[in-house]
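Asker: Here our numbering is used: the sequence shown runs in plain steps of one and ends on residue 184. C-beta: ideal position from N, C-alpha, C; glycine also.
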Amino acid sequence: MKQSRLMSLVESVANVIVGYGIAVVTQILIFPIFGLHTTLAQNLKMGAIFTVVSIARSFALRRLFEAIRIRTIPE
């Protein structure tokens, strides 16, 4: 069964929200181990930056693999 465009959008948004939350919680837990002490606001901002970078990375890789797929399809 094929996923609808709406459900693809819902999945993508959920993935970004969950990723952002995981990034922030991980920073809060891990940074002090390395002697880095940040405020909640700083963690939220860094989490947002990491999320934007992750979205850009995911998009670039998806486009790269699509280009590879198109080149490898026999004509």
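Would you check if the distance between the CB atom of Y129 and the CB atom of T148 is smaller than 8 Å?
Answerer: Their beta carbons are not under 8 Å apart, which means Y129 does not touch T148 by this criterion.
Asker: Report yes or no: do the stretch 114–132 and the stretch 151–166 share at least 3 C-beta pairs separated by less than 8 Å?
Answerer: Touching, per the Cβ criterion.
Asker: Apart from the five residues just before and just after H146, which ones in its own chain have a Cβ nearer than 8 Å to its Cβ?
Answerer: So the qualifying residues of the chain are F140.
Asker: Comparing alpha-carbon positions, which option in K154, R114 and V125 lies nearest F168?
Answerer: Closest option to F168, Cα to Cα, is V125.
Asker: Hey, out of R172, T135 and L115, whose CA is closest to N152's CA?
Answerer: With distances taken between Cα atoms, N152 lies closest to T135.
Asker: Would you report the Cα separation of R166 and R172, rounded to the nearest angstrom?
Answerer: R166 and R172: Cα-Cα distance of roughly 10 Å.
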